[in-house]
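Participant: UniProt numbering puts the first residue of the sequence shown at 1, with every later residue one more than the last.
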Amino acid sequence: MKVDKQIPITSALDTRAQARPQVATGRASRQPVQEPSAREAREPRGGGSHNGFNFQLNQQLSSMQAADRYLGDLSEQLSALKLSISRQLSAPQSANERETITQQLTQANNLLAERSKRTGQSLDANFKLRLNEPLRSRFSIQGLETLDTIQRAGKETLLFTAGRALAEPVALVLDEGMSEEQILRRLNSSFGNAGIRAELDQDGALTFSMPENDWQLFKEQLKIKGEGKLFPAQSQGIATTAEEGFLELSTTLAQESFRELRQLLDSVVSALDRISSLRQHISLRQEDVREFLAQQESQDEKQWALNFAGAVFDTQGRKASRYSVVAQTVIAQAQLTRFAVVSLLS
Numbered sequence: 001m002k003v004d005k006q007i008p009i010t011s012a013l014d015t016r017a018q019a020r021p022q023v024a025t026g027r028a029s030r031q032p033v034q035e036p037s038a039r040e041a042r043e044p045r046g047g048g049s050h051n052g053f054n055f056q057l058n059q060q061l062s063s064m065q066a067a068d069r070y071l072g073d074l075s076e077q078l079s080a081l082k083l084s085i086s087r088q089l090s091a092p093q094s095a096n097e098r099e100t101i102t103q104q105l106t107q108a109n110n111l112l113a114e115r116s117k118r119t120g121q122s123l124d125a126n127f128k129l130r131l132n133e134p135l136r137s138r139f140s141i142q143g144l145e146t147l148d149t150i151q152r153a154g155k156e157t158l159l160f161t162a163g164r165a166l167a168e169p170v171a172l173v174l175d176e177g178m179s180e181e182q183i184l185r186r187l188n189s190s191f192g193n194a195g196i197r198a199e200l201d202q203d204g205a206l207t208f209s210m211p212e213n214d215w216q217l218f219k220e221q222l223k224i225k226g227e228g229k230l231f232p233a234q235s236q237g238i239a240t241t242a243e244e245g246f247l248e249l250s251t252t253l254a255q256e257s258f259r260e261l262r263q264l265l266d267s268v269v270s271a272l273d274r275i276s277s278l279r280q281h282i283s284l285r286q287e288d289v290r291e292f293l294a295q296q297e298s299q300d301e302k303q304w305a306l307n308f309a310g311a312v313f314d315t316q317g318r319k320a321s322r323y324s325v326v327a328q329t330v331i332a333q334a335q336l337t338r339f340a341v342v343s344l345l346s
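1) Buried or exposed: ALA198, going by 16 or more other Cβ atoms within 10 Å of its Cβ?
2) To the nearest angstrom, how far is it from the Cα of GLU248 to the Cα of SER277?
3) Identify the residues that DSSP records as bridge partners of ALA108: which are they?
4) Give the straight-line distance between the Cα atoms of GLN335 and GLN303, rounded to the nearest whole angstrom.
5) Tell me where the beta strand (DSSP E) around SER209 begins and ends.
6) Could you tell me which of VAL173, LEU206 and GLY226 sits nearest to GLY237, measuring between CA atoms?
7) Give the list of continuous beta strand (DSSP E) stretches no shorter than 3 residues that lie fully inside the region 138-170.
8) How would you label PHE308, buried or exposed, when you count the other beta carbons within 10 angstroms and need 16 or more for buried?
9) For VAL268, is the classification buried or exposed, using 16 other Cβ atoms within 10 angstroms of its Cβ as the cut-off for buried?
10) Which residue marks the beginning of the alpha helix (DSSP H) containing ARG130, and which one marks its end?
11) Please report the residue range of the alpha helix (DSSP H) in which LEU200 lies.
12) Taking the C-alpha atoms as reference points, what is the distance between GLY143 and ASN213?
13) Should LEU222 and ILE150 be called a contact, given that it needs their Cβ atoms to be closer than 8 Å?
14) Taking 8 Å as the threshold (C-beta atoms), are MET210 and GLY195 in contact?
15) Determine contact between the region 102-116 and the region 176-193, defined as no fewer than three beta-carbon pairs at a distance below 8 Å.
16) So, is PHE53 buried or exposed, given that buried needs 16 or more other C-beta atoms within 10 angstroms?
17) Give me the Cβ distance between GLN286 and LEU81, rounded to the nearest whole Å; I'm assuming they're in contact under 8 Å.
18) From VAL326 to ALA305, what does the alpha carbon distance come to, in whole angstroms?
19) Roughly how many angstroms lie between the CA atoms of GLN56 and THR100, to the nearest whole one?
20) For the alpha helix (DSSP H) that contains LYS117, what are its first and last residues?
21) Consult DSSP for GLU243 and reduce its assignment to one of helix, strand or coil.
22) How about THR207 and PHE127: are their beta carbons less than 8 Å apart?
23) Does the separation of the CB atoms of GLU133 and LYS155 fall below 8 Å?
24) Name the residue from ARG87, THR119 and ARG279 whose alpha carbon lies nearest to the alpha carbon of SER75.
25) Around the C-beta of ARG262, are 16 or more other C-beta atoms found within 10 angstroms, so that it is buried, or is it exposed?
26) Within its chain, find whatever has a CB closer than 8 Å to the CB of ARG274; leave out the 5 residues flanking it on each side and keep chain order.
27) Of the choices ARG98, PHE160 and THR119, whose alpha-carbon is the least far from that of ARG69?
28) How long is the line joining the alpha carbons of ALA125 and ILE331, rounded to whole angstroms?
29) If ASP73 and LEU111 are in contact, beta carbons under 8 Å, what's the gap, nearest whole angstrom?
30) Compare the C-alpha of ALA242 against each of PRO92, SER137 and ALA66 and name the closest.
31) So, LEU265 versus LEU89, is the Cβ gap smaller than 8 Å?
Structure (structure tokens):
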């Protein structure tokens, strides 16, 4: 039996290309070669979960790039603010200089407010990178700052309402002599359906968290009724809450005394240091992801892209009647990668 080894055209363009399977000739009749369908080209054998994982890594890489760009813009804004405050502290300037600081504070606050949108929801309010989970806002409620406060109040039933932010009112039943663990379990069981979690921070303070997309409406409509211990029986208006955040910049500080300006400068310097550290961390994460993706770009990935592109061209009825068209198609297919195809389709 005579065996012919056919070398693919793309091997001249890609030295890593593997030879096509050998085709037997002779007495046996040739079997017609079936071109893969577009669906088959999209699904290489045994690569479904692997391809999905790579696609997820590409999404994370895009999120990190957006976060890094945002942090770069914020760093520039805070650096300009730092310079203006330093000049004002070293040699008090005119009222115009104070007005400049106020404008820079406003611009910095506007940039902080755009965090979620600008970063593709990859940075939470505390500027922690969140790539695999939805962002959550962390906050405290005045009157429920510590578990000790709740224990001292004893038996009481609290009713929480928040308009459309809560599907239905939440009743929290507190009993006499409850331990800290029991109070936390009672809080989480009561608020669980609303997506709100209760926990203790590093200092032992009681904090709550909920999806960031629901937080704005929740804090604007939260009302709490009690039995006169923790909260009055009649609602006193919107409950006071405080959200944890990376940096708080009050525009009134620009008009305050030397001491307040010094505190503002310290806050800005601390924020710049943290941003620098976070950008270094993101850079290392990006480098690790790129290195992993480069290692995964094997011949199977390129063959998948070639098969898919070929199936799409056939579906469109494109005929290679001229040599120039054939040459352009071969070169284009040889340079395709799976990631390029996925990017075009997404």
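For glycine and all other residues, C-beta sits at the position ideal for the given N, C-alpha and C. This one's a predicted model, so the numbers in the text were calculated from it and none came from an experiment.
Facilitator: Put simply:
1) buried
2) 19 Å
3) Paired residues: none, contrary to the question.
4) 11 Å
5) 206-211
6) GLY226
7) Entirely contained in the region 138-170, the beta strand (DSSP E) runs reaching 3 residues are, in chain order, 156-161.
8) buried
9) Using a 10 angstroms sphere on the CB of VAL268, the tally of other CB atoms reaches 16 or more, which defines it as buried.
10) Unbroken run through ARG130: none, as it is neither H nor E.
11) Not the alpha helix (DSSP H): LEU200 falls in the beta strand (DSSP E), residues 197-200.
12) 24 Å
13) no
14) yes
15) No: the two stretches stay apart, fewer than three of their Cβ pairs being nearer than 8 Å.
16) Counting the other Cβ atoms within 10 Å of the Cβ of PHE53 gives fewer than 16, which makes it exposed.
17) With 8 Å as the limit, GLN286 and LEU81 do not qualify as a contact, their Cβ atoms being about 28 Å apart.
18) 17 Å
19) 44 Å
20) Where LYS117 is concerned, the enclosing alpha helix (DSSP H) starts and stops at 115-118.
21) Look at GLU243 here: in three-state DSSP terms it is strand.
22) no
23) no
24) The shortest Cα separation from SER75 among ARG87, THR119 and ARG279 belongs to ARG279.
25) exposed
26) Within the same chain, ARG274 has close Cβ partners PHE127 and PHE246.
27) THR119
28) C-alpha of ALA125 to C-alpha of ILE331: approximately 47 Å in a straight line.
29) 7 Å
30) SER137
31) yes
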